[in-house]
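Inspection log for the structure reproduced underneath, given as structure tokens.
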Amino acid sequence: MRFFQSDSPLMEGLARLTDLVVLNLVVLVCCIPVFTIGAALTGMHYVLLKMARNEEGYIVRSYLRSFKENFLQATGMWLFFLLAGFIVYLDLRLLEGEGMASVRVLLAGGGFFIYLIFLYAFPLLARYRNTVRGTLANAARLAAAAFPRALGMAVLSAAPVILVLAVPFLFPLLLLLGLSGTGYACALLYSPLFARLEEGIKPDQEKEEGEKNL
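So for the sequence shown, this note's numbering puts the first residue at 43; every next one is plus one.
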């Protein structure tokens, strides 16, 4: 039957789902030391962007190569976001009380924008060569200039946690697709944006020159 041929939509969809499950499990393992989470997310987005563009090859091999190549910068960015998040959280706790509502709203808004920067930072690091400072600056520009996409990515990334809190027995699904599944949906959002930024850049120059054009 046509449904079971290797190039049928059904079989291609199952193959893609299998790749996402494998990728999710690899990412979870690489996140276990905690300080490696930045590199784990960078490797994940490297693979997911290729999936979104139908350019994927060997999932695990591509992931591990990006993980190693970007480890130092990704770890630095991850520590920055941990520190920024902790500072915002601490300030919100210290400002609890009457008369501080407006300040807490401003802090919460700032924290949310930092999260939007977080969502763009690791895909940018996976795709382009730049300093940590340059990558963060470009992520902030994209979060502001492409705010609807960033907001969509924020909703997608939060959905698995909200879903599991609402329906706890879906936790095994989070282990299988919680990171790679939502990450793939985010890649479908930011891939067209990256493609527009890359117009006129040769494929072998993207990692070296891509962010210079942001």
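Glycine residues also receive a C-beta, built at the ideal position from the N, C-alpha and C atoms.
Practice prompt. Report the rounded CA-to-CA distance for Ala237 versus Gly139, giving the unit in angstroms.
Written response: 47 Å
Worksheet item: Alpha carbon to alpha carbon, what distance is there between Asp61 and Ile101?
Response: 7 Å
Discussion item. Using a 10 Å radius around the Cβ and a threshold of 16 neighbouring Cβ atoms, would you call Ala200 buried or exposed?
Written reply: exposed
Worksheet item: Any idea if Tyr131 is buried or exposed, counting beta-carbon neighbours within 10 angstroms, 16 or more meaning buried?
Response: Tyr131 counts as exposed, since fewer than 16 other C-beta atoms from the protein chains shown sit within 10 angstroms of its C-beta.
Worksheet item: Over what stretch of residues does the alpha helix (DSSP H) that includes Asn96 continue unbroken?
Response: That residue, Asn96, is in no alpha helix (DSSP H); it is neither H nor E in DSSP.
Fill in: Rounded separation between Leu158 and Pro190 - CA only
11 Å
Practice prompt. Let me know the secondary structure DSSP gives Lys254 once reduced to three states.
Written response: Unreliable positioning characterises Lys254 in this predicted model, as indicated by a pLDDT of 41, which lies under 50. The coordinate reading is nonetheless provided below. Looking at Lys254 - three-state DSSP - the assignment turns out to be helix.
Worksheet item: What separation, rounded to the nearest whole angstrom, lies between the Cα atoms of Asn172 and Val206?
Response: 36 Å
Worksheet item: How would you label Ser144, buried or exposed, when you count the other beta carbons within 10 angstroms and need 16 or more for buried?
Response: exposed
Fill in: Range covered by the alpha helix (DSSP H) that runs through Val203
Here the alpha helix (DSSP H) through Val203 covers 189-208.
Worksheet item: Just reading off the alpha helix (DSSP H) that Phe155 is part of, what are its end residues?
Response: 143-169
Practice prompt. Look up Phe109 in the DSSP assignment and say whether it is helix, strand or coil.
Written response: helix
Worksheet item: What number of angstroms, rounded off, separates the C-alpha of Gly65 from the C-alpha of Ser222?
Response: Per the sequence shown, the amino acid found at residue 65 is Leu instead of Gly. The straight-line gap from Cα to Cα measures roughly 6 Å.
Discussion item. Check this for me: beta carbons of Gly118 and Val174, under 7 Å apart or not?
Written reply: yes
Discussion item. Suppose the cutoff is 8 Å on Cβ atoms and the five residues either side in sequence are ignored; what does the same chain contact list for Gly29 look like?
Written reply: The shown model of the chain, from 43 to 256, leaves out residue 29, and the question about it has no answer.
Worksheet item: When the Cα of Pro234 is compared with those of Pro75, Leu216, Pro165, which residue comes out closest?
Response: Pro165
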